[in-house]
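Novice: One structure is given below, represented as structure tokens, and several questions about it will come after.
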Amino acid sequence: MRRVGAIVALAAYAALLLRATLLRGGAMAGFDLFTYFYPTKQFALDSLRRGVLPLWNPLIFFGAPFLANIQMGVLYPPNLVFLLSDFAHAVALSQWLHLTLGGAGMYALCRMVWRLGHLPSLAGAMAFAGGGFFGAHMGHLNQVHAGVWLPWIALAQFSLARGLGAADTALTRHAVVASGGWIAAGGAAVALQLSAGHTQEAYYSILSLALLALGFTVLPPRWAPDRRAHLPAFALVVANGALLAAAQLVPTVELSGLSYRQGGVALEEAVAFGVERTYLLESLLPTFWSLPAQEVTGYVGVTALALAAAAVASRARRTVVALMALALFSVTLTLGAYTPLFPLLHRWLPLFGSFRAPGRWLLVSSFALAGLAAHGLDALHGRETAVARERAARRFALTAAAIGGGIVLAAWRSELVHAVHWLPHSRVAVLWLGAALGTVALALAAVSMHAWWPRAALVAGLGVELVFASREMEYNRPITPELYRTPPEVTASVGSSPMGDGAPVRVLSLAVEERLDPERLRRAVPDGDGERRRYTAMAEVLRPDLGMAYGLPTIDGYDGGLLPLKSFATLKALLVGGEETAVPHYTLAPQAPARPDARLFGSLGVRFLLTDGRAGPPGTGWRALDSAPGVAEVYENADVAPRAFVVRDVIAEPAPERTVALLRTLDLRRSAVIERPVAGLGNDLPRSDAPSGVPARVTSYAAGSIEIDASGPGLLVMTETFYPGWRATVDGAAAPIVRADLHFRGVPLAAGSHRVRLWYDPLSFKVGVALAVLAIVLNLALLWRARPYLRRR
Numbered sequence: 151m152r153r154v155g156a157i158v159a160l161a162a163y164a165a166l167l168l169r170a171t172l173l174r175g176g177a178m179a180g181f182d183l184f185t186y187f188y189p190t191k192q193f194a195l196d197s198l199r200r201g202v203l204p205l206w207n208p209l210i211f212f213g214a215p216f217l218a219n220i221q222m223g224v225l226y227p228p229n230l231v232f233l234l235s236d237f238a239h240a241v242a243l244s245q246w247l248h249l250t251l252g253g254a255g256m257y258a259l260c261r262m263v264w265r266l267g268h269l270p271s272l273a274g275a276m277a278f279a280g281g282g283f284f285g286a287h288m289g290h291l292n293q294v295h296a297g298v299w300l301p302w303i304a305l306a307q308f309s310l311a312r313g314l315g316a317a318d319t320a321l322t323r324h325a326v327v328a329s330g331g332w333i334a335a336g337g338a339a340v341a342l343q344l345s346a347g348h349t350q351e352a353y354y355s356i357l358s359l360a361l362l363a364l365g366f367t368v369l370p371p372r373w374a375p376d377r378r379a380h381l382p383a384f385a386l387v388v389a390n391g392a393l394l395a396a397a398q399l400v401p402t403v404e405l406s407g408l409s410y411r412q413g414g415v416a417l418e419e420a421v422a423f424g425v426e427r428t429y430l431l432e433s434l435l436p437t438f439w440s441l442p443a444q445e446v447t448g449y450v451g452v453t454a455l456a457l458a459a460a461a462v463a464s465r466a467r468r469t470v471v472a473l474m475a476l477a478l479f480s481v482t483l484t485l486g487a488y489t490p491l492f493p494l495l496h497r498w499l500p501l502f503g504s505f506r507a508p509g510r511w512l513l514v515s516s517f518a519l520a521g522l523a524a525h526g527l528d529a530l531h532g533r534e535t536a537v538a539r540e541r542a543a544r545r546f547a548l549t550a551a552a553i554g555g556g557i558v559l560a561a562w563r564s565e566l567v568h569a570v571h572w573l574p575h576s577r578v579a580v581l582w583l584g585a586a587l588g589t590v591a592l593a594l595a596a597v598s599m600h601a602w603w604p605r606a607a608l609v610a611g612l613g614v615e616l617v618f619a620s621r622e623m624e625y626n627r628p629i630t631p632e633l634y635r636t637p638p639e640v641t642a643s644v645g646s647s648p649m650g651d652g653a654p655v656r657v658l659s660l661a662v663e664e665r666l667d668p669e670r671l672r673r674a675v676p677d678g679d680g681e682r683r684r685y686t687a688m689a690e691v692l693r694p695d696l697g698m699a700y701g702l703p704t705i706d707g708y709d710g711g712l713l714p715l716k717s718f719a720t721l722k723a724l725l726v727g728g729e730e731t732a733v734p735h736y737t738l739a740p741q742a743p744a745r746p747d748a749r750l751f752g753s754l755g756v757r758f759l760l761t762d763g764r765a766g767p768p769g770t771g772w773r774a775l776d777s778a779p780g781v782a783e784v785y786e787n788a789d790v791a792p793r794a795f796v797v798r799d800v801i802a803e804p805a806p807e808r809t810v811a812l813l814r815t816l817d818l819r820r821s822a823v824i825e826r827p828v829a830g831l832g833n834d835l836p837r838s839d840a841p842s843g844v845p846a847r848v849t850s851y852a853a854g855s856i857e858i859d860a861s862g863p864g865l866l867v868m869t870e871t872f873y874p875g876w877r878a879t880v881d882g883a884a885a886p887i888v889r890a891d892l893h894f895r896g897v898p899l900a901a902g903s904h905r906v907r908l909w910y911d912p913l914s915f916k917v918g919v920a921l922a923v924l925a926i927v928l929n930l931a932l933l934w935r936a937r938p939y940l941r942r943r
């Protein structure tokens, strides 16, 4: 009954945190939520409602894999909640569900593995689920969805270690069969975390649990004393989870090998969005009236930190020591460039260098500190003798005094030497001090009086503190749901009217919402506050991915993960022009020239151009649509090439850098560059005499399938992304697809008229599905064999 009550309490607590959206009907806001997750979720849902699995996305980067981009979470079962309601309400419901799941996992871990009391377990759950990390990242759906599974994986891994250790020898057949339920449960939790869509948090979680398993192998805890069981338990759970998630992981591994992040990111980029050492306290403690940057917020509450001090002051359990070490390790890594540990791991630890934003280690520190808080409150239970309780009280008071003295000394030194002012506003410091003193007083009362009510008051105080701290979170400053429901006015001008060959037109936005004419924006949005105008401006300039929500394809895109492809990043030098180096993960708006080449972009199928008007007209070849509604200036390209055409002048050049230089000199409608010679392609005509590309007619166009009527001889060029898994037939016979102009597809054609069909049929997805089905069968067999042992529990 207590477990049910705890889950109900955690669900109510999560609803209170999300009061402005879940309870009052506002729409959750956030730059990434609005410009990235909203359009991608709309695209996925539109596909699923048509009964199509979204394997390919034709709407950004000239087309890109969709399911293989793990951030999309296509195979993550809880995302089905987005089918139940419109986006604004589904987001609130989804995040409430995940906060409840995260809290329930932490509660179960504390109760079932660490054998802590009901109230301490509830305190740990509240500190984990209601802390600053999830609050700050509420608009990053995939980070929240992945992070909440960390305690569930720990629960299964530690329970499995205990089960394996109960046998005479760890990993005997009997032990594995008897622990089959925990192997399956742990694998399911790992698979859910991996498919949730944030590999960085999954990597940090798995790495942290590996370190705990290694630590418990050296110093085994009382709840799982067989040191031989911990590393095998970790390996079984992670391997099972990876196999269950293979339908997602195998395509993602293929994409990662073709991503601009192939081989990892440079150290200078990897340390971006780390915690400033002078603002460490503001990252680890709530500031109530303001927030640090989103990526460096990770508080669990002053009350929770004081309770963690109680855990440290108690007789050192090995679990407490392990959690202390994990907290210190993760907080150190959040500092990024300020610690030599981060560059060392970036260089030597596999996959560590694939990620940016060290501040995301705050997920792990939140987990460790919440666990310490639960242990600290449990240490105040007063089970020992009066003498032992008195000693515990003295240790706790001394520890709290030492920590407080250290903070005061650091503050005094900062003022004395006129260093950077890293302390917050005085009213925040007063609240910190009040919460700390209140926690100490209640903790001493709990120890000395041997009563339950001081511990209950500590749990209530922690909840009140975290709810109050959440008041400045972005999700508690909602926007109107209409911004998610009503298309911007600009879509009336650039709506998906076909090019005449069956393929939709492309729209390119080089507008930046901050540069829009404020008077024009004010006239477009006469009512509403600054936040509404800000999000309306984002919609009106079609921030690169927002076109996805309205079915408008672009050549640009915004991902922040595995995309863009390395080939697009190379081609970007041609799109940006000039001598400056194109930044792969930036959109084109801040990089492209003020007067883009109309013929070049027309060759790539761009018919409409959006600008903010600050740099004047975009130049020749662009015609202003004066009647266009909205706040952005809209221009039409008078000379747009068809989506597919046949060229005779074909040049072989294997080096990408030389290919870019060559493409700057070529007319892309007359000539094409391929990686290596292909029999039957190429001619002896001087390039200037090569005939213009012969238009091909697109007779059918869908996300993963295209049909074209074309005449050879020559190379059929489609300004669509070249990627493994695309297949082609010419007149029903299998035909090769070659890479053309660095990033596009080409199909060699013989003389005569042809019917060409292309479709996306990735082998990586088929292999992944086969492995996942095999894993499901094995897990069902394991559960069937383990059923006698499951009944006994």
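Number 594 in the working numbering belongs to position 444 of the sequence shown; there are no gaps in the numbering.
Ideal Cβ positions, reconstructed from N, Cα and C, are used throughout, including at glycine.
Here the structure is a predicted model, which means the values were calculated and not measured.
(1) Which term fits E351, buried or exposed, when burial requires 16 or more other beta carbons within 10 angstroms of its beta carbon?
(2) By DSSP, does I333 sit in helix, in strand, or in coil?
(3) Enumerated in chain order, which unbroken segments of the alpha helix (DSSP H) with a length of 4 residues or greater are wholly contained in the segment 153-222?
(4) Determine the closest residue to S464 out of P204, P767 and A523, with distance taken between C-alpha atoms.
(5) Considering Cα atoms alone, identify which of I210, A238, H248 and A258 is closest to V154.
(6) Give me, in chain order, the residues of the same chain whose beta-carbon lies closer than 6 Å to that of Y410; leave out the 5 immediate sequence neighbours on both sides.
(7) Let me make sure I understand the geometry here. Which of P382, Y685, A396 and T349 has the alpha-carbon closest to that of L361?
(8) Can at least three beta-carbon pairs, one atom from the segment 735-746 and one from the segment 763-774, be found at a separation below 8 Å?
(9) Would you say V796 and L831 are within 7 Å of each other, going by their C-beta atoms?
(10) How big is the Cα-Cα spacing for L928 and G336?
(11) Mark Y226 as exposed unless 16 or more other C-beta atoms lie within 10 angstroms of its C-beta, in which case mark it buried.
(12) Using the C-alpha atoms, what's the distance from P436 back to A579?
(13) Write down the C-beta distance between I912 and L205 rounded to the nearest angstrom, noting that I regard them as a contact closer than 8 Å.
(14) Can you name the residues that DSSP bridges to L760?
(15) Alpha carbons only, please: which of L305, V294 and S861 is nearest the one belonging to A346?
(16) For D891, which residues of its own chain have a beta-carbon under 8 Å away from its beta-carbon, when the five flanking residues on both sides are left out?
(17) What would DSSP say about I705, mapped onto helix, strand or coil?
(18) As an exercise, report each continuous alpha helix (DSSP H) stretch of at least 4 residues that is fully enclosed by the segment 418-500, in chain order.
(19) Could you spell out where the beta strand (DSSP E) holding R905 opens and where it closes?
(20) Do you know offhand how far A454's Cα is from F517's?
(21) What three-state label does DSSP hand S914 in the structure shown?
(22) Measuring alpha carbon to alpha carbon, tell me which residue in W302, L167 and A607 is nearest L457.
(23) So what's R672 in DSSP terms, helix, strand or just coil?
(24) Return the first residue and the last residue of the beta strand (DSSP E) that P863 is part of.
(25) What's the C-alpha gap between G583 and F438?
(26) Per DSSP, which residues does S409 bridge with? Please list them.
(27) Considering Cα atoms alone, identify which of L924, A487 and R935 is closest to G391.
(28) Do you know how far the Cα of Y186 is from the Cα of T686?
(29) Do S659 and L760 count as a contact pair if the criterion is CB distance below 7 Å?
(30) Give the secondary structure of P654 by DSSP, where H, G and I count as helix, E and B as strand, and everything else as coil.
(31) Please tell me whether A595 and R506 are closer than 7 Å, where the distance is taken between their beta carbons.
(32) Between which two residues does the alpha helix (DSSP H) holding Y851 run?
(33) Within its chain, find whatever has a CB closer than 6 Å to the CB of V450; leave out the 5 residues flanking it on each side and keep chain order.
(34) Are G918 and A339 closer than 7 Å when you measure CB to CB?
(35) Nearest-angstrom Cα distance between Y163 and A732?
(36) Using 8 Å as the cut-off, can you tell me whether the segment 172-192 makes contact with the segment 695-705, which would need three or more C-beta pairs spanning the two stretches below that distance?
Specialist: Put simply:
(1) Residue numbering aside, residue 351 sits at position 201 when the sequence shown is read from its first letter. Looking at its Cβ environment, which holds 16 or more other Cβ atoms inside 10 Å, E351 is buried.
(2) In the sequence shown, counting from the first residue as 1, residue 333 sits at position 183. Reduced to three states, the DSSP call for I333 is helix.
(3) 188-199
(4) As a working note, residue 464 is residue 314 in the sequence shown. Comparing Cα-Cα distances from S464 to each of P204, P767 and A523, the minimum goes to A523.
(5) As a working mapping, residue 154 is identified with position 4 in the sequence shown. Nearest option by C-alpha distance: A258.
(6) Here residue 410 refers to the residue found at position 260 when the sequence shown is read from its first residue. Within the same chain, Y410 has close Cβ partners P714, K716, A719 and P734.
(7) Translated into positions along the sequence shown, residue 361 becomes position 211. Cα-wise, what sits closest to L361 is P382.
(8) yes
(9) As a working note, residue 796 is residue 646 in the sequence shown. As a working note, residue 831 is residue 681 in the sequence shown. Not a contact, by the Cβ cut-off of 7 Å.
(10) Here residue 928 refers to the residue found at position 778 of the sequence shown. Here residue 336 refers to the residue found at position 186 of the sequence shown. Their Cα atoms are separated by approximately 14 Å.
(11) The residue given as residue 226 occupies position 76 in the sequence shown. Y226 comes out buried.
(12) By one-based count along the sequence shown, residue 579 stands at place 429. By one-based count along the sequence shown, residue 436 stands at place 286. Near 10 Å, if we compare the C-alpha coordinates of P436 and A579.
(13) Working through the sequence shown from its first residue, we reach residue 912 at position 762. Working through the sequence shown from its first residue, we reach residue 205 at position 55. The identity of residue 912 in the sequence shown is Pro, whereas the question assumes Ile. Between L205 and P912 the Cβ distance is about 7 Å, and since that is below 8 Å, they are a contact.
(14) On the sequence shown, position 610 is the one that residue 760 refers to. DSSP lists S659 and V784 as partners of L760.
(15) If you number the sequence shown from 1, residue 346 lands on position 196. For A346, the nearest C-alpha among the options comes from V294.
(16) Along the sequence shown, read from residue 1 onward, the residue named residue 891 stands at position 741. The answer, listed in chain order, is L721, T809, L813, L818, A822, V823 and V867.
(17) Position 555 of the sequence shown, counting from 1, holds the residue named residue 705. Note: I705 maps to coil in three-state DSSP.
(18) 430-434, 452-463, 468-484 and 491-498
(19) In the sequence shown, counting from the first residue as 1, residue 905 sits at position 755. R905 -> beta strand (DSSP E) spans F894 to Y910.
(20) Indexing the sequence shown from 1 puts residue 454 at position 304. Indexing the sequence shown from 1 puts residue 517 at position 367. Distance between the alpha carbons of A454 and F517 is about 12 Å.
(21) One-based indexing of the sequence shown puts residue 914 at position 764. The answer is helix: DSSP assigns S914 an H, G or I state.
(22) One-based indexing of the sequence shown puts residue 457 at position 307. Checking every option, the nearest Cα to that of L457 belongs to A607.
(23) For the purposes of this step, residue 672 is identified with residue 522 of the sequence shown, where counting begins at 1. Three-state result, R672: helix.
(24) Locating residue 863 in the sequence shown gives position 713, counting from the first residue. From DSSP, the beta strand (DSSP E) with P863 extends over S855 to T871.
(25) By one-based count along the sequence shown, residue 583 stands at place 433. By one-based count along the sequence shown, residue 438 stands at place 288. In the sequence as presented, Gly is not what sits at residue 583; that position holds Leu. Cα to Cα, the separation comes out at about 13 Å.
(26) Locating residue 409 in the sequence shown gives position 259, counting from the first residue. Per DSSP, L715.
(27) Taking the first residue of the sequence shown as 1, we reach residue 391 at position 241. Checked all of L924, A487 and R935; the closest Cα to G391 is L924.
(28) As a position in the sequence shown, residue 686 is number 536, starting the count at 1. As a position in the sequence shown, residue 186 is number 36, starting the count at 1. Approximately 15 Å between the Cα atoms of the pair.
(29) Residue numbering aside, residue 760 sits at position 610 when the sequence shown is read from its first letter. Residue numbering aside, residue 659 sits at position 509 when the sequence shown is read from its first letter. Closer than 7 Å, so yes.
(30) In the sequence shown, counting from the first residue as 1, residue 654 sits at position 504. Here P654 sits in strand by DSSP.
(31) Position 445 of the sequence shown holds residue 595. Position 356 of the sequence shown holds residue 506. No.
(32) As a first step, residue 851 must be located in the sequence shown, where it is residue number 701. Where Y851 is concerned, there is no enclosing alpha helix (DSSP H), although the beta strand (DSSP E) it sits in stretches over R847 to A852.
(33) Counting from 1 along the sequence shown, the entry for residue 450 is found at position 300. The residues are A277, G281, S516, L519 and A520.
(34) To locate residue 918, count along the sequence shown from 1; it is residue 768. To locate residue 339, count along the sequence shown from 1; it is residue 189. Their beta carbons are not under 7 Å apart, which means G918 does not touch A339 by this criterion.
(35) Your numbering for residue 163 matches position 13 in the sequence shown. Your numbering for residue 732 matches position 582 in the sequence shown. Approximately 46 Å between the Cα atoms of the pair.
(36) yes
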